[in-house]
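Chemist: Take 140 as the starting number for the sequence shown in my numbering and just add one per residue.
Here it is, the structure in full.
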Amino acid sequence: MADQTTYLMCPPDFYDVDYVINPWMEGNVHRSCKSLAQEQWQGLYQVLSQLAAVKLISPVPGSPDMVFTANAGLVLGNTVVLSRFYHPERQGEEPHFQAWFEQHGFGVKKLPPEIAFEGAGDALLDRAGRWLWAGYGFRSMLESHPYLAKWLEIEVLSLRLVDERFYHLDTCFCPLSQGYVLYYPGAFDTYSNRLIEMRVPPEKRIVITEADAIHFACNAVDVNGTVVLNRASSELVARLESCGFQVIQTPLTEFLKAGGAAKCLTLRLNETVAPQETPVTRVASRTITLTGHLVDSNLLSDAVDLIGEYGGSFQIVRFALGETRQSTSTVELSVSAPTEESLLKILSDLVDRGAQIKETTDLNAHLEPVRQPGVAPDDFYVTTIYPTTVCIEGVCYPVQNQRMDGVIAVRRDPQGQIVATCKLIRDLVVGEEVVVGVAGIRTLHQPNKEKREAQEFSFMGSGVSSERRVELVVEQIAWELRQIKERQGKTVVVAGPVVIHTGGGSHLATLIREGYVQALLGGNAIAVHDLEQNVFGTSLGVDMRRGNPVKGGHKHHLKVINAIRGYGSIQKAVEAGFITGGVFYECIRHQVPFALAGSIRDDGPLPDTEMNLIKAQEDYTRLLKGADMILMLSSMLHSIGVGNMTPAGVKLICVDINPAVVTKLADRGSLESVGVVTDVGLFLSLLVQQLHRLDIPYHARPMAGTTSP
Ligand SMILES: NC(=O)c1ccc[n+]([C@@H]2O[C@H](COP(=O)([O-])OP(=O)(O)OC[C@H]3O[C@@H](n4cnc5c(N)ncnc54)[C@H](O)[C@@H]3O)[C@@H](O)[C@H]2O)c1
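Quick look at the structure:
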């Protein structure tokens with residue numbers, strides 16, 4: 140190749156806006172003026188001819204965009220990576236460009252047909268030839284970048300485009316001589332902006348405004364210090380001049396109608412590359428398999444959204460669609476991300492949604508030993524509430540004690556069998572092995588459709604039918620409670636002090652007395668106010684029958700705490716006859732175990748309140764084991780704690796007056812979650828009413844909803 144800077148251009152003989160493949164073309168179909176386009180193209184050609192050599196390719200009828208030669212391919216040295224156009228409208232250009240390159244002595248590299256790449260429009264060489272900036276997101280695919288690195292022996296830095304108006308990298312980014320970069324940050328995602336900032340020092344970054352960007356100021360050709368472009372504001376011209384550039388503005392408005400300007404109309408044919416030690420790309424890829432009701436559960440679309448959110452890209456390798464409503468579908472996706480780190484984030488989120496990661500060489504989970512008590516190896520896999528299996532030595536083992544936010548510890552039992560258990564980080568011991576990364580892990584995920592449908596009933600809402608809807612859901616809960624009781628299952632109640640303040644205490648006591656509750660979890664306050672109500676008839680000093688504060692009532696709870704402390708425990712106070720009724724009285728009388736977890740807000744505390752939080756969490760976990768249903772009654776703190784400890788498959792009923800709390804708990808991806816937005820006292824009263832109704836023979840029952848709460 141000649142040393143003189145050389146460009147390839149294509150006369151606009153057949154140029155027009157014939158179709159719409161970018162936002163600039165919208166409303167401009169057949170609206171470009173042919174003579175003006177010729178004139179403007181000639182203007183650019185003349186400018187460039189004075190600064191560099193310009194070769195021409197003959198235009199072809201039916202390929203109006205061939206005028207944008209930047210998209211012919213990417214040339215480095217004697218090699219050209221030919222474009223694979225994303226839109227069929229431009230694919231007809233490919234053979235013409237290929238023929239031209241071959242006739243002019245270039246070695247032509249062609250990407251696999253499924254990988255789109257739009258040449259120098261999306262791949263811009265750093266002007267010192269140190270690396271290649273490569274765009275993706277709209278036209279070129281991330282998957283093309285490893286090919287560029289390998290074939291052109293150059294480091295590739297992947298930049299993700301996020302603004303449709305700037306669909307090619309050269310519409311919003313222009314590397315200039317002396318290490319300068321002219322760019323519009325709004326066109327890139329955060330990661331890409333950070334990458335630009337890491338590679339280009341602040342004094343070399345020429346950031347342009349949106350106003351300049353939409354006049355295609357970045358779509359510029361830098362011919363050895365002379366920047367040729369459509370139009371730039373006086374501020375931008377001044378900035379470029381202060382950096383030592385000469386600016387030539389040559390109007391190209393007719394081409395803007397198709398989404399291109401100076402840079403798009405040219406392809407540099409002799410790029411200089413600095414010798415590279417090792418050509419690298421950070422792009423990482425893996426194949427994953429998703430199985431399940433992919434379409435109707437939205438799992439596939441969620442996975443695709445997630446890949447996009449992390450700046451990744453995907454290709455469908457295989458898709459087997461389930462043919463009937465019951466049958467499952469399987470899709471194999473090749474997922475790519477700009478870095479290994481972002482790929483791991485994508486994969487770990489996909490595994491949490493039920494994907495299986497398929498390593499070509501290794502299906503097994505990766506294990507690393509614990510080296511410090513209570514500290515997991517870096518990169519440990521974080522567990523979810525969903526049943527999980529882990530593949531070790533080619534065999535899949537179910538993970539025991541599934542819970543959220545744990546790690547998977549693997550050990551051999553005395554018989555030499557592999558056991559995988561969900562553990563908290565703090566419980567890890569030196570020597571045991573922990574799963575790291577996401578390979579070999581599979582979660583059985585609850586379809587999202589059902590998660591979305593996890594019902595949320597509003598009693599306080601303005602809808603006329605809401606009261607009736609709460610009655611219906613309470614009817615259903617009562618029926619299930621009754622079923623659990625009859626089959627001697629387990630219902631655990633988590634409750635906050637609001638239960639007592641709202642007058643729900645007597646109803647909860649009834650549920651315990653009648654055998655509907657097998658364990659009670661709470662904090663100091665629910666016990667304090669329940670006992671206060673029994674001793675003084677007040678809750679937080681408020682008379683529970685009249686609803687008004689009692690003189691000196693604010694001291695009641697402290698007096699009760701003190702008295703129970705004197706007895707040594709709630710049980711001893713009940714046995715001594717000091718406590719004669721209420722929630723905790725019924726727990727003691729009916730041997731329903733309870734755990735009270737301490738908190739910083741607690742007065743006293745009661746002797747039964749466990750102030751060692753690790754011990755309290757263990758008590759909760761023990762009592763939750765084997766639960767069929769958990770009733771979470773107006774305690775955000777304890778309910779969220781319990782939610783994290785509970786595996787999927789346990790029915791959660793969350794009752795709170797605050798919809799945000801209900802949503803947070805019901806949104807755990809569990810089919811079994813039901814949120815009820817209502818007053819907890821009212822809920823409990825309705826629940827007891829419904830349970831008692833179920834005691835009446837069917838033919839003698841009043842119609843549901845005829846009793847108002
Ligand atoms: N005197 C004490 O020792 C004392 C007093 C209060 C709280 N605490 C402690 O503080 C911690 C947190 O207490 P918490 O669970 O009460 O608070 P929390 O903030 O975690 O939860 C209270 C929940 O009740 C909901 N709520 C309020 N009114 C309601 C109604 N009428 N019907 C339904 N839901 C309603 C709120 O929206 C909230 O989500 C606990 O450990 C508790 O023991 C101690």
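The beta carbon of each residue, even a glycine, is placed where N, CA and C say it ideally should be.
Which residue from THR420, TRP163, LEU263, VAL529 puts its Cα closest to that of ALA352?
Modeler: Checking every option, the nearest Cα to that of ALA352 belongs to TRP163.
Chemist: Taking only three categories from DSSP, how would you classify GLN388?
Modeler: GLN388 falls in the strand class under three-state DSSP.
Chemist: Hey, THR310 and ASN358: beta-carbon distance below 7 Å or not?
Modeler: Result yes, Cβ atoms of THR310 and ASN358 sit closer than 7 Å.
Chemist: State the DSSP-derived secondary structure class of LEU495, mapped to helix, strand or coil.
Modeler: Here residue 495 is Gln; the residue named in the question, Leu, does not match the sequence. DSSP places GLN495 in strand when its eight states are reduced to three.
Chemist: Please state if the CB of VAL813 and the CB of VAL794 are separated by a distance shorter than 7 Å.
Modeler: Contact flag unset, no.
Chemist: Using the C-alpha atoms, what's the distance from GLU532 back to ALA766?
Modeler: Their Cα atoms are separated by approximately 33 Å.
Chemist: Return yes when the Cβ of ALA787 is within less than 7 Å of the Cβ of ILE524, no when it is not.
Modeler: Contact: yes.
Chemist: Quickly, what does DSSP pair MET148 with across the bridge? List them, please.
Modeler: Answer is LEU195, bridged to MET148.
Chemist: Enumerate in chain order the residues of its own chain whose CB-to-CB distance from HIS777 is below 7 Å, with the five nearest sequence positions on each side excluded.
Modeler: Excluding positions up to five away in sequence, the list reads VAL633, GLY635, LEU660, GLY661, GLY662, ALA736.
Chemist: ILE254 and SER283 - do their beta-carbons sit closer together than 7 Å?
Modeler: It is a contact, given that the beta carbons lie within the stated cut-off.
Chemist: Less than 6 Å separating the Cβ of LEU825 from some heavy atom of ligand 1?
Modeler: False, no ligand heavy atom lies under 6 Å from that Cβ.
Chemist: Is VAL699 near LEU670, with beta carbons less than 7 Å apart?
Modeler: Yes, Cβ-Cβ distance for VAL699 and LEU670 is below 7 Å.
Chemist: Is LEU279 helix, strand or coil when you go by DSSP?
Modeler: Reading the sequence as shown, one finds Ser at residue 279 and not Leu. It is coil, neither helix nor strand.
Chemist: Tell me whether VAL637, by its Cβ, gets closer than 6 Å to a heavy atom of ligand 1.
Modeler: Yes; taking the cut-off as 6 Å, the Cβ of VAL637 has a heavy atom of ligand 1 nearer than that.
Chemist: Since VAL470 contacts LEU439 with CB under 8 Å, what's their CB separation in whole angstroms?
Modeler: Indeed, because the Cβ distance is near 6 Å, the residues count as touching under 8 Å.
Chemist: Could you give the distance in angstroms between the alpha-carbon of PHE256 and the alpha-carbon of GLN511?
Modeler: Cα to Cα, the separation comes out at about 48 Å.
Chemist: For the structure I just gave you, are there three or more beta carbon pairs, one from the segment 312–324 and one from the segment 332–352, closer than 8 Å?
Modeler: With the cut-off at 8 Å, the segment 312–324 and the segment 332–352 touch.
Chemist: Quick check: does the Cβ of LEU776 come within less than 6 Å of any heavy atom belonging to ligand 1?
Modeler: Yes.
Chemist: How long is the line joining the alpha carbons of VAL362 and ALA442, rounded to whole angstroms?
Modeler: The alpha-carbon atoms of VAL362 and ALA442 are separated by roughly 44 Å.
Chemist: Would you tell me roughly how many angstroms separate the C-alpha atoms of SER487 and THR411, rounded to the nearest one?
Modeler: So the two alpha carbons sit approximately 41 Å from each other.
Chemist: For the alpha helix (DSSP H) containing PHE675, name the first residue and the last one.
Modeler: Per DSSP, PHE675 belongs to the alpha helix (DSSP H) from 663–675.
Chemist: Would the segment 168–183 and the segment 388–405 be scored as touching if the rule is three or more Cβ pairs under 8 Å?
Modeler: At 8 Å Cβ cutoff, the stretches touch.
Chemist: Give me, in chain order, the residues of the same chain whose beta-carbon lies closer than 8 Å to that of ALA715; leave out the 5 immediate sequence neighbours on both sides.
Modeler: TYR706.
Chemist: For LEU762, which residues of its own chain have a beta-carbon under 7 Å away from its beta-carbon, when the five flanking residues on both sides are left out?
Modeler: Counting only Cβ-Cβ distances below 7 Å, and skipping sequence neighbours, we find VAL631, ALA658, LEU660, PRO732, ALA734.
Chemist: Ignore the nearest five residues each way along the sequence and tell me which others in HIS235's own chain have a CB closer than 6 Å to its CB.
Modeler: These residues qualify, in order along the chain: VAL199.
Chemist: Under 6 Å: does the beta carbon of ASN663 sit that close to some heavy atom of ligand 1?
Modeler: Result yes, Cβ under 6 Å from ligand 1.
Chemist: Going by DSSP, name the residue or residues bridged to GLY720.
Modeler: Paired residues: none, contrary to the question.
Chemist: Taking the DSSP output, what are the residues bridged to HIS505?
Modeler: According to DSSP, which records beta bridges pairwise, HIS505 is partnered with VAL575.
Chemist: Under a three-way DSSP split, which group does TYR154 fall into?
Modeler: Here TYR154 sits in coil by DSSP.
Chemist: Okay, do the segment 415–434 and the segment 229–244 touch, 3+ Cβ pairs below 8 Å being the bar?
Modeler: At 8 Å Cβ cutoff, the stretches do not touch.
Chemist: Can you find a heavy atom of ligand 1 that lies under 6 Å from the Cβ of THR641?
Modeler: Yes - ligand 1 has a heavy atom lying nearer than 6 Å to the Cβ of THR641.
Chemist: Is there at least one non-hydrogen atom of ligand 1 closer than 6 Å to the beta-carbon of ILE753?
Modeler: Because no heavy atom of ligand 1 lies under 6 Å away, the Cβ of ILE753 does not count as near it: no.
Chemist: Let's see if you can read the secondary structure: which residues bound the beta strand (DSSP E) around THR299?
Modeler: In the sequence as presented, Thr is not what sits at residue 299; that position holds Arg. That run of the beta strand (DSSP E) goes 294–299.
Chemist: Is ARG704 near ligand 2, judged by its Cβ being under 6 Å from some heavy atom?
Modeler: This structure lacks ligand 2; its bound ligands are ligand 1.
Chemist: Please confirm whether any heavy atom of ligand 1 lies closer than 6 Å to the CB of ASN797.
Modeler: Within the cutoff, so yes.
Chemist: Hey, which unbroken runs of the alpha helix (DSSP H) at 4 residues or more fall wholly within the segment 328–360?
Modeler: Fully enclosed alpha helix (DSSP H) runs of 4 or longer: 329–338, 349–352.
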